[in-house]
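In the numbering used here, the protein residues as written are 605 to 1061. Comments concern the structure below.
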Amino acid sequence: MITVRFAPSPTGYIHIGNARTALFNWLHAKRRHGRFILRLDDTDSARSEPRFAEAIVEDLRWLGIVPDETVRQSDRFALYDAAAQKLKAAGLLYPCYETPDELERRRRLRLSRRLPPVYGREALKLSDADKAGLEGEGRQPHWRFLLPNFADDPFAPQSTVVEWDDLVRGPQQVDLASLSDPVLIRADGTWLYTLPSVVDDGDLGVTDVIRGDDHVTNTGVQLALFDALGLARPRFGHHNLLTDPTGAGLSKRTGAQSIRGLRAAGLEPMAVASMATLIGTSQPVKAFDSLRALAQTFEASSASRSAARYDQSELQALNRTILHELSYEDVEARLRTVGIEGPDAAPFWQMVRSNLERFEEVGEWWGILQNGPEQPVPFETDEDRAFATEAFAHVPEGDWDETVWKRWTDGVKAETGRKGRALFMPLRLALTGRRSGPELADLVALLGRERTLARRP
Ligand code: GLU
């Protein structure tokens, strides 16, 4: 079975770019009846916070993503220790004692000798006595993974290309000779993300890893780790990242474009999900009404190679389209939570939905329907007010239905000679207090005679 995972670190609120990764995984898996694991990458206990972990679960749920399984890396240290032991025993994880300053000096030296600025594996030359001496001085080692980029002599790396067929980008290559042996364990004993991620993907049976294209080089290293640990390689896919309109990257730390914020701004989850998924792909950005519908057409390989600029105004436009197409059945429960129910509720929604930018605005229109415009009504001139007062004297007798409005205004036109905007705007203002809004024929039909007459200025 296809198994994917979304692996955020709970160090902030997820933003629309993180949602893109979650959605790519979800849609890819659900289209194939697969499983979705939420993995909280919380090995960094100083920066990870339970409140952010909870927020991630909530934000995903709001988007329509309910994981089949949730795991925390902080519960799984024993697995990482065991993997590290295995690598150490094979001589593939070795202790290093350099300080950042020493590493920087060496890097510069290599550059000045026109050598690639990668770690020269100097620590591999340390004898047991050297190591004991360094530890005696109080230095704690950090641990590097010996990349398999050499034949017999680790000090003579040679081009070693790792290849995979990327789910998004097609055939990919990383040359391990161009990389430093990655640090897997810091001097304070904490884990970098590289090894735990591989161990978990292996242990949890992850078959497809879809993540941002900032991880392409990591994938070269991690594939070497899967091999070194004897774990089956998953398929990998790297999607393009989203940036803000200026081209700057999104960051969990700044809170910009957080899913929380978009939700608080009253956006519909499917507007956010459609945008987060489809922007920067070869598929048109349009509003889907469910993740299931989106999954039916979604292909991870439709993502472009370059970063996609995301502009919130396009999201607003998608939001409008979604609202305008929601049926009363879709929103009945939500309307009830804001006190909109009873016989008027369904025709009211039908009438008002195409005027909404955000769902919340529905409450203002309901207030206008039930209680009339807020006073004072902003007529443009006293003459307009007088005209409206007179026009209400011509509200027709007889059946009250969708034809009332036409009968009424035809009559007013004949009586007063007013037409067009001069006729309709004062009536719109008298009925709603607003210069724009729903079709007045629908509104008047819904108001009924009594509530209409009550609006006579
Ligand atoms: N915690 C990592 C990140 O957020 C996960 C990367 C991955 O999907 O492997 O970048």
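In this text, a Cβ means the ideal position worked out from N, Cα and C, and glycines have one as well.
Under the three-state DSSP convention, the category residue i falls into
i	result
Q776	strand
W637	Reading off the sequence shown, one finds His at residue 637, where the question assumed Trp. Reduced to three states, the DSSP call for H637 is coil.
T823	helix
R962	coil
F681	helix
V1048	helix
D648	coil
L788	strand
L719	coil
T925	helix
P612	coil
L835	coil
V999	coil
T941	helix
T901	helix
W768	strand
R1140	Outside the shown range of the chain (605 to 1061) lies residue 1140, about which nothing can therefore be said.
P699	strand
S906	helix
E653	coil
R643	strand
L846	strand
Proximity to residue i [Cα-Cα], best of the options
i	options	result
E987	K1010, P951, S958 and L1027	L1027
I814	T1013, Q689, D756 and A904	A904
L922	S878, G824 and G859	S878
S652	Y617, R676 and S613	S613
S894	E702, L930, S908 and L715	L930
L1062	S801, D805 and R913	Past the edges of the chain, shown from 605 to 1061, lies residue 1062, and the structure says nothing about it.
E872	R655, G638, D646 and R665	R665
L771	E1019, S910 and N629	N629
R643	L691, G859 and Q677	Q677
E658	A937, A868 and T674	T674
G859	P951, G616 and T941	G616
L829	Q979, I606 and K690	K690
D848	L783, N822 and Q916	Q916
W1004	D679, A1045 and V1016	A1045
L846	M605, I606 and H619	H619
R857	T647, H637 and F656	F656
M605	A633, N622, Y932 and T798	A633
D1041	E1054, V1008 and W969	It is Gly, not Asp, that sits at residue 1041 in the sequence shown. Ranking the options by Cα distance to G1041, first place goes to W969.
T798	L827, A781 and R773	L827
A897	F983, D831, A688 and G668	G668
I883	N844, A736 and S855	N844
P761	A781, W1012 and Q900	A781
T993	R639, T1056, V670 and V820	T1056
E1063	R1038, R940, A869 and T1007	Shown here, the chain extends from 605 to 1061; a query on residue 1063 therefore has no answer.
R1067	A997, M1029 and L1050	Because the chain is modelled from 605 through 1061, residue 1067 falls outside the range shown and cannot be assessed.
R864	D663, R639 and L715	D663
T885	L866, S910 and A869	S910
D807	G740, G834 and G1002	G834
Q920	Y932, R867 and P838	R867
Residue environment, residue i, which counts as buried when at least 16 other CB atoms sit within 10 Å
i	result
T625	buried
V577	Residue 577 cannot be examined here, being either before or after the span of the chain that is shown, 605 to 1061.
V851	In the sequence on display, residue 851 carries Gly and not Val. Exposed, by the Cβ-count rule.
F610	buried
A727	buried
N975	exposed
F963	buried
Q979	exposed
H928	exposed
L973	buried
V1016	buried
A623	buried
D646	buried
F681	exposed
R639	buried
Q861	buried
D785	buried
Nearest-angstrom Cβ-Cβ length linking residue i and residue j, presumed shorter than 8 Å
i	j	result
L1031	A995	6 Å
I641	V778	So it is not a contact: roughly 25 Å between Cβ atoms.
A874	F902	In the sequence on display, residue 874 carries Met and not Ala. 13 Å between Cβ atoms; not a contact.
T925	L631	No, T925 and L631 are not in contact; Cβ-Cβ is about 20 Å, not under 8 Å.
R790	H746	5 Å
V981	A1034	6 Å
L697	A688	6 Å
E840	T823	At residue 840 the sequence reads Phe, which differs from the Glu that was named. Contact holds; Cβ gap of about 5 Å.
Any chain D beta carbon closer than 7 Å to residue i
i	result
E933	Protein chain content of the structure displayed is limited to a single chain, and chain D is not contained in it.
Near the ligand NAP: residue i beta-carbon under 6 Å from a heavy atom
i	result
E1054	Among the ligands in the structure shown, the ligand NAP does not appear; only the ligand GLU can be found there.
Problem set entry | Chain-ordered list of residues that sit, by beta carbon, closer than 5 Å to a heavy atom of the ligand GLU | A611, S613, D645, S801 and R815
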